[in-house]
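K.L.:
Handing you this structure, nothing more for now.
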Amino acid sequence: MSAPQDWTPPTSSTPSSRPGPDHVVAGLKGTDEGGADLVQLLTPEGERVPDPRFDSYAADVDVEALKDLYRDLVLVRRFDREGNALQRQGQLGIWVPLLGQEAAQIGAGRAMAPQDMAFPSYREHGVAWARGVDPTELLGIFRGTDHGSWDPKATGFHLYTIVIGNQCLNATGYAMGQKFEGKVGDGPDSEATICFFGDGATSQGDVHEGFVWAAVYDAPVVFYCQNNQWAISEPTERQTRVPLYKRAQGYGFDGIRVDGNDVLACLAVTRWALEECRTGNGPVLIEAFTYRMDAHTTSDDPTRYRLADELELWKLKDPIERVRVHLVRSLGVEPEFFDGVQAESDALAARFRQHCVDMPAPGPERMFSQVYAEGSPAVDAQREAFLAYHSSFEGV
Amino acid sequence: MAVLTMAKAINDGLRAAMERDPKVLVMGEDVGKLGGVFRVTDGLQKDFGEQRVLDTPLAESGIIGTAVGLAIRGFRPVCEIQFDGFVFPGYDQIVSQLAKLHFRSQGRVPVPVVVRIPFGGGIGAVEHHSESPEALFAHVAGLKVVACSNASDAYWMIQQAIESDDPVIFFEPKRRYWEKAEVDLAATPTPLHASRVVRPGSSLTLAGYGPVLKTCLEAASAAEADGHDLEVIDLRTLSPLDLGPVFDSVRRTGRLVVVAEAPSETSVASEVCARVQEECFHSLEAPVLRVTGFDTPYPPSKCEEDYLPDLDRVLDAVDRSMGW
Numbered sequence: 001m002s003a004p005q006d007w008t009p010p011t012s013s014t015p016s017s018r019p020g021p022d023h024v025v026a027g028l029k030g031t032d033e034g035g036a037d038l039v040q041l042l043t044p045e046g047e048r049v050p051d052p053r054f055d056s057y058a059a060d061v062d063v064e065a066l067k068d069l070y071r072d073l074v075l076v077r078r079f080d081r082e083g084n085a086l087q088r089q090g091q092l093g094i095w096v097p098l099l100g101q102e103a104a105q106i107g108a109g110r111a112m113a114p115q116d117m118a119f120p121s122y123r124e125h126g127v128a129w130a131r132g133v134d135p136t137e138l139l140g141i142f143r144g145t146d147h148g149s150w151d152p153k154a155t156g157f158h159l160y161t162i163v164i165g166n167q168c169l170n171a172t173g174y175a176m177g178q179k180f181e182g183k184v185g186d187g188p189d190s191e192a193t194i195c196f197f198g199d200g201a202t203s204q205g206d207v208h209e210g211f212v213w214a215a216v217y218d219a220p221v222v223f224y225c226q227n228n229q230w231a232i233s234e235p236t237e238r239q240t241r242v243p244l245y246k247r248a249q250g251y252g253f254d255g256i257r258v259d260g261n262d263v264l265a266c267l268a269v270t271r272w273a274l275e276e277c278r279t280g281n282g283p284v285l286i287e288a289f290t291y292r293m294d295a296h297t298t299s300d301d302p303t304r305y306r307l308a309d310e311l312e313l314w315k316l317k318d319p320i321e322r323v324r325v326h327l328v329r330s331l332g333v334e335p336e337f338f339d340g341v342q343a344e345s346d347a348l349a350a351r352f353r354q355h356c357v358d359m360p361a362p363g364p365e366r367m368f369s370q371v372y373a374e375g376s377p378a379v380d381a382q383r384e385a386f387l388a389y390h391s392s393f394e395g396v
Numbered sequence: 001m002a003v004l005t006m007a008k009a010i011n012d013g014l015r016a017a018m019e020r021d022p023k024v025l026v027m028g029e030d031v032g033k034l035g036g037v038f039r040v041t042d043g044l045q046k047d048f049g050e051q052r053v054l055d056t057p058l059a060e061s062g063i064i065g066t067a068v069g070l071a072i073r074g075f076r077p078v079c080e081i082q083f084d085g086f087v088f089p090g091y092d093q094i095v096s097q098l099a100k101l102h103f104r105s106q107g108r109v110p111v112p113v114v115v116r117i118p119f120g121g122g123i124g125a126v127e128h129h130s131e132s133p134e135a136l137f138a139h140v141a142g143l144k145v146v147a148c149s150n151a152s153d154a155y156w157m158i159q160q161a162i163e164s165d166d167p168v169i170f171f172e173p174k175r176r177y178w179e180k181a182e183v184d185l186a187a188t189p190t191p192l193h194a195s196r197v198v199r200p201g202s203s204l205t206l207a208g209y210g211p212v213l214k215t216c217l218e219a220a221s222a223a224e225a226d227g228h229d230l231e232v233i234d235l236r237t238l239s240p241l242d243l244g245p246v247f248d249s250v251r252r253t254g255r256l257v258v259v260a261e262a263p264s265e266t267s268v269a270s271e272v273c274a275r276v277q278e279e280c281f282h283s284l285e286a287p288v289l290r291v292t293g294f295d296t297p298y299p300p301s302k303c304e305e306d307y308l309p310d311l312d313r314v315l316d317a318v319d320r321s322m323g324w
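If you're matching them up, the sequences are chains A and B in order. At position 17 of the first sequence the residue is numbered 17 (full-length UniProt numbering), and the sequence of numbers has no breaks. At position 219 of the second sequence the residue is numbered 219 (full-length UniProt numbering), and the sequence of numbers has no breaks.
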């Protein structure tokens, strides 16, 4: 069927004919505070604010525990910045910065129990840290020596997933397996899965299908969307007409929006969500409302699509600074602690840098290694032929 | 010795695998109460329960993607795709995750998933129900791809595919589902990744797989009248291809005709031809020929008799080869 002759496409400046509260997506711009439903325990000014629903999930976070969280945030930011610098020095092919999202990731990662499983996207360096993956193990992906060298089973942290949204279905299937094995309930060995993805991924079919499967099978999976406001150059309003956390209602489970720059709130809300899942009340969708303060990757140029003012406004909500202020002003932590974390981060950065340049190239065997669990005559023949060819150059 | 249809043979094979290993799951659209649109999974949910035979929501990426997650957890899911042309919404999960996780993780994350796909034409179906997309999977490193052609193989191959630690794309020739054959339930089966000479001969080698195997055997019988003694090889495994028996055969016969329903260009049949000319060049008495579907989308079903390689087209190719 062809379009009527007098039909003309609407221009982008044509105002929407469907105004209304659902059309306005709360919190898309730098000035937005995330809406009235935003869960927050620590303000950008470093003030602890009460939350009757979630305070109990952070009640054990004493001064020492908060200092540990601060240390996490600083160290993760430090090696992330080193990753960025290493790419600029030509040591890495690309780096995916997490600047600005440290609290969203540390809060969620530290909320997990050892037996839980995380399915990350590719920016989850902070979650990796919280799961005990040494940061140097992230380097191979970006230097091109491997696709992730850590053991997903031992760490409870699956390999990075580059294809947007794929991991939401894999995580859901894994969570279904936890349920099938009877690991959901009040027992001490009950388990949950947490799946990380971005606001852009919510447009992918796999995320929708993950929500459907998780809902109909009551899978113990927390969908943890880090809404960092931008999917490369596309803003969140290019993904949705409603706040992302509200989508959960349409699938029949809880959705909640948390201040993604507030590590305490992210910790508390994720603990609650994981507990919901472990005890059979999942799935749960968390929207961690945050901001990507750097480029999407080192190949990106955000100055082409967003205003510097936006970044400046989000700097005022920095996830690290608010914890530091709270530690100093409210809890009286002495400067020596911060000096110690600084020294530790310097040492980590140096180790990270050195490891990067020391990483050996994998050699041609890597191409042919572990393609199949049970081998393949074709691959075996190609390996033997190529290695013989390769070795013919020895001594030349 | 049992006499079973291919559909029942696969059903029995699934049942045997599920009885042996509680981690084996069957999942897909309508596989439970209905028993699948072809009834291949008939009765399994009744006997194994809804947690082992999952009637899933209607989305192929969801079926494959959750199967990948279940396999990571330690299960052995067997996914049913209702028809060949419906697999493509799940193709991303198959290619991006299922095929690559073992390699990406350096062997730490095996994904023993079987994806069953009824494939090929000849049942008078509407669009998207008669395709032969096997080359699209055989081209993907990390997957293993097989096609059964008779009830006996189907019974054993489905069990072997489930026992494999590699992901296996399992093609079932849907127009042969209702054909009966003897199945030796106590036999020592042919290995999963092995082609097999199913009819010895000396004049020319016919190689095929899946639904056309029967056509090849009929052609070999018909060619006897012309004094041609055809050897027929069932390729069975499309990735990795097991071409040793084909090479041996061609070195004796000097002639090869490859038969398949899929379009010819860059197909499994093309790969067989290329490899045979690499390995058997000095033995060939004639060019290697292909008899395949055409390089068109699968046509409306009233055209499929012309589209599918039939007895006459196979015999015509045999005559052309013998004429060199």
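By construction, the Cβ of each residue, glycine as well, lies at the ideal position given by its N, Cα and C atoms. This one's a predicted model, so the numbers in the text were calculated from it and none came from an experiment.
Please state the DSSP three-state secondary structure of ILE256/A.
P.N.:
strand
K.L.:
Please compile the residues from chain A whose C-beta is within a distance smaller than 7 angstroms of the C-beta of PHE88/B.
P.N.:
In chain order: nothing, as chain A lies at least about 12 angstroms away.
K.L.:
Please go through the same chain and pick out, in chain order, the residues whose beta-carbon is closer than 6 angstroms to the beta-carbon of VAL63/A, but skip the five residues on each side of it.
P.N.:
LEU331
K.L.:
Distance, Cα to Cα, VAL39/A vs ALA265/A?
P.N.:
7 angstroms
K.L.:
Quick check: what's the CA-CA separation for LEU285/A versus ALA248/A?
P.N.:
The C-alpha of ALA248/A is placed about 6 angstroms away from the C-alpha of LEU285/A.
K.L.:
Once you ignore the five residues that flank ASP189/A on each side, which residues in its own chain have a CB closer than 8 angstroms to its CB?
P.N.:
Excluding sequence positions up to five before and after ASP189/A, its CB lies within less than 8 angstroms of the CB of GLN115, LYS183, all in the same chain and listed in chain order.
K.L.:
Exposed or buried, VAL25/A, counting other C-beta atoms within 10 Å across all chains shown (16 or more means buried)?
P.N.:
Confidence in VAL25/A is poor, its pLDDT being 47 and thus under 50, which makes the residue's placement too unreliable to answer from.
K.L.:
Please confirm whether LEU75/A and SER345/A have their CB atoms less than 8 angstroms apart.
P.N.:
yes
K.L.:
I need the straight-line Cα distance from ARG88/A to VAL216/A, nearest angstrom please.
P.N.:
46 angstroms
K.L.:
Kindly list the residues whose CB is nearer than 6 angstroms to the CB of THR237/B, restricted to its own chain and excluding five residues on each side of it in sequence; keep chain order.
P.N.:
Contacts found: VAL146, HIS193.
K.L.:
So, are the CB atoms of GLU209/A and ALA59/B less than 8 angstroms apart?
P.N.:
yes
K.L.:
Would you call TYR224/A buried or exposed, if buried means 16 or more other Cβ atoms sit within 10 Å of its Cβ?
P.N.:
buried
K.L.:
For TYR224/A, name the three-state secondary structure that DSSP assigns.
P.N.:
strand
K.L.:
Under 8 angstroms between beta-carbons, which chain C residues line up against PHE75/B? List them in chain order, please.
P.N.:
Considering every chain present, this structure includes no chain C. Its protein chains are A and B.
K.L.:
Are PHE79/A and PRO135/A close, meaning C-beta to C-beta below 8 angstroms?
P.N.:
yes
K.L.:
Is any beta-carbon of chain B found at less than 8 angstroms from that of residue 409/A?
P.N.:
Lying outside 1 to 396, the shown extent of chain A, residue 409/A is not represented and no answer is given.
K.L.:
Given that ASN228/A touches chain B, what residues does it touch there, using C-beta distances under 7 angstroms?
P.N.:
The premise fails here: ASN228/A is roughly 23 angstroms from chain B at the closest Cβ pair, so nothing lies under 7 angstroms.
K.L.:
Could you round the C-beta distance between GLN239/A and THR290/A to whole angstroms and report it? I think they count as a contact, below 8 angstroms.
P.N.:
The pair is not a contact, with the Cβ atoms about 15 angstroms apart (cut-off 8 angstroms).
K.L.:
Where are the alpha helix (DSSP H) runs, 4 residues long or more, that stay fully inside the region 42–106 of chain B, in chain order?
P.N.:
44–48, 60–73, 101–104
K.L.:
Taking only beta-carbon positions, decide if SER267/B is within less than 8 angstroms of chain A.
P.N.:
no
K.L.:
I need the straight-line Cα distance from ASN227/A to VAL371/A, nearest angstrom please.
P.N.:
Roughly 35 angstroms separates the two Cα atoms.
K.L.:
Does the beta carbon of ASP92/B sit closer than 8 angstroms to a beta carbon anywhere in chain A?
P.N.:
Closer than 8 angstroms to some Cβ of chain A, the Cβ of ASP92/B qualifies, so yes.
K.L.:
Do THR270/A and ASP186/A count as a contact pair if the criterion is CB distance below 8 angstroms?
P.N.:
no
K.L.:
According to the Cβ coordinates, are ASP21/B and ARG76/B closer than 8 angstroms?
P.N.:
yes
K.L.:
In the region 205–242 of chain B, which residue ranges form an unbroken alpha helix (DSSP H) of at least 4 residues, counting only runs that do not cross its ends?
P.N.:
212–224
K.L.:
Mind checking the region 191–223 of chain B against chain A and listing, in chain order, the residues whose C-beta falls within less than 7 angstroms of any C-beta there?
P.N.:
none
K.L.:
Give, in chain order, every residue of the region 145–166 of chain B whose Cβ lies closer than 7 angstroms to some Cβ of chain A.
P.N.:
SER164, ASP165, ASP166
K.L.:
Quick one: which unbroken alpha helix (DSSP H) runs of 4-plus residues sit fully inside the region 104–192 of chain B? Chain order, please.
P.N.:
134–138, 151–163
K.L.:
Is there at least one Cβ from chain B nearer than 8 angstroms to SER16/A's Cβ?
P.N.:
The predicted model places SER16/A with a pLDDT of 47, which falls under 50 and marks its position as unreliable; any figure quoted below should be read in that light. Not one chain B Cβ lies under 8 angstroms of SER16/A.
K.L.:
Consult DSSP for PHE197/A and reduce its assignment to one of helix, strand or coil.
P.N.:
In this structure, PHE197/A counts as strand in the three-state DSSP scheme.
K.L.:
For the region 320–350 of chain A, list the alpha helix (DSSP H) runs that are entirely contained and at least 4 residues long, ordered along the chain.
P.N.:
321–325
K.L.:
Near ILE81/B, what residues of its chain come up, given a Cβ to Cβ distance below 8 angstroms and the 5 sequence neighbours on each side ignored?
P.N.:
GLY28, GLU60, ILE63, VAL87, GLY90, VAL115, ARG116, ILE117, PRO118
K.L.:
What span of residues does the beta strand (DSSP E) with THR43/A cover, start to end?
P.N.:
Careful: THR43/A lies outside any beta strand (DSSP E) and carries neither H nor E.
K.L.:
From this set, GLY205/A, TRP129/A, SER149/A, which residue's C-alpha is nearest VAL163/A's C-alpha?
P.N.:
For the options GLY205/A, TRP129/A, SER149/A, the alpha carbon positioned closest to that of VAL163/A is the one of GLY205/A.
K.L.:
Quick one: what does DSSP say PHE142/A is sitting in, helix, strand or coil?
P.N.:
helix
K.L.:
Can you tell me whether ARG383/A is helix, strand or coil according to DSSP?
P.N.:
helix
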